[in-house]
Amino acid sequence: MKLSLSKINFLNIFSIIVVFSIILGFFIYEFNQELYEKKVISLEKSYYKKNKAIIKNEIQRAIKRIEVINNLIYEKNESILKEKVSFVKNLFDSNNDKDFNIILSKYKKELNLLKWDNGTGYFYIFDKNGKILYHGGNKKYINTNVFESSKTNKELYDFLKEALILDENYGSYKWYKPNESPKEVYTKYVYIKRDEKHDVYIAAGVYKKEIDKKVQELIFEDFKKDRFGDNKYGYFWILGLDKVMKMHALNPEIVGKINDDVLSVKGRILNDTTIKKALDGGGYINYKWIRPDTKKEDEKFSYVKLIPNWNLIIGAGFYVTELQDILEEEKKALKELSDEYLLKVFVVLTILISISLLIARYLSIKIHNVEIEREEHMNMLEQYKLLLDRSSVVSKTDKDGIITYVNDSFEKISGFNKNELMGITHKIIAHPDTSRSQSKKLWDTILKGKIWKGILKNKRKDGDSYYNSITIIPIKDSQGNIQEFISAGTIVTELIENRSKLKNLFKTDALTGLGNRVSLIDHISKQESGTLALINIDRFKEINDSYNHVIGDKVIKALADRLFRYFNDKGYDLYRLQSDIFALFISNKDSIIVDVNNFMNTLGKESYTFGKDKFMLTYTCGIASNSENLLTYADIALTEAKNKKVKIKEYSHSMKNVEEFKNNLLWVERLHLAIKEDRIFPHYQPIYNYKTGKIDKYEALMRLVLDGKIIYPNEYLDIAKKTKLYPELTYKMVEKVISKFATNNYEFSLNLCIEDLMNEELMIYVFDYAEQKGVFDRMVLEIVESEEIDDSDHINKLLKKFKDEGVKIAIDDFGSGYSNYDYLIKLQADYLKIDGSIIKLIENDIRTQDVVKSILEFAQKSNIKVIAEFVSNENIDKILRDIGVDYAQGFYYGKPEAKLIDEISL
50 MKLSLSKINF LNIFSIIVVF SIILGFFIYE FNQELYEKKV ISLEKSYYKK
100 NKAIIKNEIQ RAIKRIEVIN NLIYEKNESI LKEKVSFVKN LFDSNNDKDF
150 NIILSKYKKE LNLLKWDNGT GYFYIFDKNG KILYHGGNKK YINTNVFESS
200 KTNKELYDFL KEALILDENY GSYKWYKPNE SPKEVYTKYV YIKRDEKHDV
250 YIAAGVYKKE IDKKVQELIF EDFKKDRFGD NKYGYFWILG LDKVMKMHAL
300 NPEIVGKIND DVLSVKGRIL NDTTIKKALD GGGYINYKWI RPDTKKEDEK
350 FSYVKLIPNW NLIIGAGFYV TELQDILEEE KKALKELSDE YLLKVFVVLT
400 ILISISLLIA RYLSIKIHNV EIEREEHMNM LEQYKLLLDR SSVVSKTDKD
450 GIITYVNDSF EKISGFNKNE LMGITHKIIA HPDTSRSQSK KLWDTILKGK
500 IWKGILKNKR KDGDSYYNSI TIIPIKDSQG NIQEFISAGT IVTELIENRS
550 KLKNLFKTDA LTGLGNRVSL IDHISKQESG TLALINIDRF KEINDSYNHV
600 IGDKVIKALA DRLFRYFNDK GYDLYRLQSD IFALFISNKD SIIVDVNNFM
650 NTLGKESYTF GKDKFMLTYT CGIASNSENL LTYADIALTE AKNKKVKIKE
700 YSHSMKNVEE FKNNLLWVER LHLAIKEDRI FPHYQPIYNY KTGKIDKYEA
750 LMRLVLDGKI IYPNEYLDIA KKTKLYPELT YKMVEKVISK FATNNYEFSL
800 NLCIEDLMNE ELMIYVFDYA EQKGVFDRMV LEIVESEEID DSDHINKLLK
850 KFKDEGVKIA IDDFGSGYSN YDYLIKLQAD YLKIDGSIIK LIENDIRTQD
900 VVKSILEFAQ KSNIKVIAEF VSNENIDKIL RDIGVDYAQG FYYGKPEAKL
950 IDEISL
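Numbering (my numbering), first residue to last: 50 to 955.
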């Protein structure tokens, strides 16, 4: 039975999961057991370590406590001695007898009773000469000199010396102890103070041994009660260096005894081991001891350390079995946790096995679907292969280029059969015209594992050539190593052969048969130098508009024929660039101007006759020589010739150049951005009324912001008009200016050129927006006087519409351009603005004053108000006032600014 790939995959995954689960389960169990055992060992170690640390810390804490209590008691001892001395001093001072011996005899009985610390604490009194007047410890010292006694006792000498200087002192020195051997001295702490009234020194003291005994009694009682550890099993014991047990919290019966029969675990006498460890700075001892609770011998660990200055050893420990009892509880909890973890792992493993089986089933279904798709794809690939073999020329080679397969199409086009092609390279069909560089580039590309596409010229067996548009693909293994190459191509011989024909057609003008603009550019690019003339028919558009395009085409063909007949024999190359522009190219410029001029005056001057239609033509010519931008400069020269109304113009650097055209293109882009980013805005220049002495109107002037700088209209307005961007600038100005003055009472002027007035859509917007904002009665349309009015009727009707609503009309720059008095009357102007070129001469030229006076006289008769522009200083202002001008505008009264001036009083 043949199994499908999907079933084989499912069984394979299932088997792997089962085997993997068994192995994984076994290893998890073993790992868990091993982990448990390691944790138990680790737990035991940590418990021993923890409890050793506890007993060591407790010993260190106990020694610190001893030190603190000891210091407190010694500090308290000083206070107690001071109180006792003060009591006796006050007792003496309360007596009025002048003789101190009488006072002393009076209170001697009470002094004898004032003893402490088992009779070792007492008073003694001496006078300023050192004579002992009273001694509570030993009467034999009475009448002896304490200073003499101190000569053999340096500690006493230093103590007394400081007391005599300070009148009091607290300190220690060695002295004989009452009821003890007279040969042995002991450290004694004494407080001494001078009684100024009787000029005697009163001293009280206590022996260090007695203080230490008190401290030990207090500490021992405290340590008997102290317990520590998790179950409060820890306690203290204290051993003397004489091996006598001084204190035992749980075994009081061994206190005061020497227990040399107890041995350490290593068999040494426990007391010796304990003393050695303590003298070495402290350490652990291991021995067996009777547990107080079970009364059974048990192994025990203790930490011992010497108590400083006491010659006593303090120890504390823990019993091993007690620790093991605690450990058993911990082990039991750890075992339960380990088993619980193992159970969870097996549950998770079971879930993962179930999920894996589901995934295996899902993958089997997907593989089954892939198998179906694969079969479909294989079927499609077979069809693609069939299609490729039938439609393309296919071959395969090994990585060394040896042919291993060709299809029938390859045999048919090459003329070779498969037997002739197998085992050799494609050189058998390589055409000699194929360059080595192309072959090298092809192999460099495919050997890098990249696809190469291109057209190869090949050679058939019979020697004929053919072109193959081919794609070569490297076939790689899974590691990316190239195994073979496969190529597929289509025969494009007919296309290649037709391309040259198309190329010729592409470079030829269809109407005249002359070379076209493409042909001219190609020709110029191949020349190192030369001269180019562009000949243009004047007013050719009128021929097309007056007759028809058929006649226009006949004119073009006739002119082409005349140019060819005249210039061809003179060595010129002739082209038709576009419409009615022809080009003449020659390698030198010696006679080109003469030749062109002769043509215009001879053959070009003859009339053109087409049936009943007969007319004469004139021409304009632009010439440029030896320039990288030959065609551009010739075109500039042609434009210059048209503008200057001359027949022939040769390019010179004084004309517009390429940089200027680039600058124009740059400004077109800047204007587009400025409009888009709303960087067109008005500045307002005040206009001063001579009669009222106030600013009562403003002229709105266009400004553009570029890189934070203000740019004036003279830099971009002409370009805007040529590129149809000008109306958008006007729209921006209209909207912003009207909106500005809708909020105040000033009269304002909007600058409009004839082009604006002829823009019907724009003027409707101006009218509607002014009506919406209610500014008709304060708005002035200021007509820029730089162009002739072609359609005066339209303009008059438009302005009348505005004037009917209260809008005033101003004529700007009067006295320059196309200004005349008839112009004022036709436009029904309300204001006349005298051009600044006149006003700036008025202070130095009497004739200019006469001109202004004549303009003013006419304006007054016509009821037109006069505004003088460019009023820049006080002298000009005075002359204008004297003449009688109505208004003044200029820097003298204010520069154009973004904000208005509310009022200026002069």
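Note that the Cβ used here is the ideal one computed from N, Cα and C, for glycine as well.
For residue i, which of the options has the nearest alpha-carbon?
i, options, result
"Ile600", "Ser574, Lys661, Glu543", "Lys661"
"Leu783", "Val369, Phe797, Val645, Arg114", "Note that residue 783 is Val in the sequence shown, not Leu. The option with the nearest alpha carbon to Val783 is Phe797."
"Ala878", "Gly855, Ile888, Lys889, Asn893", "Gly855"
"Asp449", "Ser458, Gly472, Asn428", "Gly472"
"Trp286", "Ser313, Gly366, Pro341, Leu267", "Gly366"
"Ile813", "Ala327, Val824, Phe851", "Phe851"
"Leu623", "Gly179, Phe589, Leu583, Lys846", "Leu583"
"Ile713", "Asn139, Glu764, Asn126, Gly671", "Contrary to the premise, residue 713 reads as Asn rather than Ile in this sequence. That would be Glu764, whose Cα lies nearest to the Cα of Asn713."
"Asn192", "Lys476, Tyr173, Ala253, Glu425", "Tyr173"
"Glu831", "Ile844, Thr741, Tyr880, Lys490", "Tyr880"
Thinking residue i and residue j are a contact (beta carbons under 8 Å), I'd like their distance in whole angstroms, please.
i, j, result
"Lys575", "Val567", "Not confirmed; about 13 Å, so no contact."
"Leu153", "Tyr190", "The pair is not a contact, with the Cβ atoms about 15 Å apart (cut-off 8 Å)."
"Phe534", "Thr446", "5 Å"
"Val353", "Gly332", "7 Å"
"Leu811", "Tyr780", "7 Å"
From which residue to which residue does the alpha helix (DSSP H) around residue i run?
i, result
"Asn646", "641-650"
"Val195", "195-198"
"Val567", "566-574"
"Trp492", "485-496"
"Thr323", "319-328"
Going by the DSSP bridge assignment, what does residue i pair with across the sheet?
i, result
"Pro523", "Phe534"
"Ala253", "Phe172, Tyr240"
"Arg625", "Phe631"
"Tyr657", "Phe664"
"Asn517", "Leu505, Ile540"
"Phe616", "Answer is none; Phe616 lacks a bridge partner."
"Cys802", "Paired residues: none, contrary to the question."
"Tyr880", "Ala859, Lys914"
"Ser674", "Thr580"
"Thr669", "Asn585"
Secondary structure at residue i, three-state DSSP: helix, strand or coil?
i, result
"Trp224", "strand"
"Thr453", "strand"
"Leu312", "strand"
"Tyr682", "helix"
"Met296", "strand"
"Asp275", "coil"
"Tyr956", "Here the chain covers residues 50 to 955 and nothing more, so residue 956 does not appear."
"Ile953", "The predicted position of Ile953 is uncertain, since its pLDDT is 45 and thus under 50; a value taken from the coordinates is nonetheless stated next. Ile953: coil per DSSP, three-state reduction."
"Tyr942", "coil"
"Phe465", "coil"
"Ala917", "strand"
"Lys445", "strand"
"Leu890", "coil"
"Glu116", "helix"
"Tyr352", "strand"
"Thr557", "strand"
"Leu753", "strand"
"Asp438", "helix"
"Trp165", "strand"
"Asp261", "helix"
"Met471", "coil"
"Ala937", "strand"
"Leu551", "Only weak support exists for where Leu551 lies, its pLDDT of 49 falling under 50; the value from the coordinates is given anyway. If DSSP states are grouped into helix, strand and coil, Leu551 belongs with the helices."
"Gly305", "coil"
"Asp594", "helix"
In the DSSP assignment, find the unbroken beta strand (DSSP E) run with residue i in it and report its ends.
i, result
"Ala859", "857-863"
"Trp286", "285-289"
"Ile334", "332-339"
"Pro731", "729-738"
"Lys789", "Careful: Lys789 lies outside any beta strand (DSSP E), inside the alpha helix (DSSP H) at 775-790."
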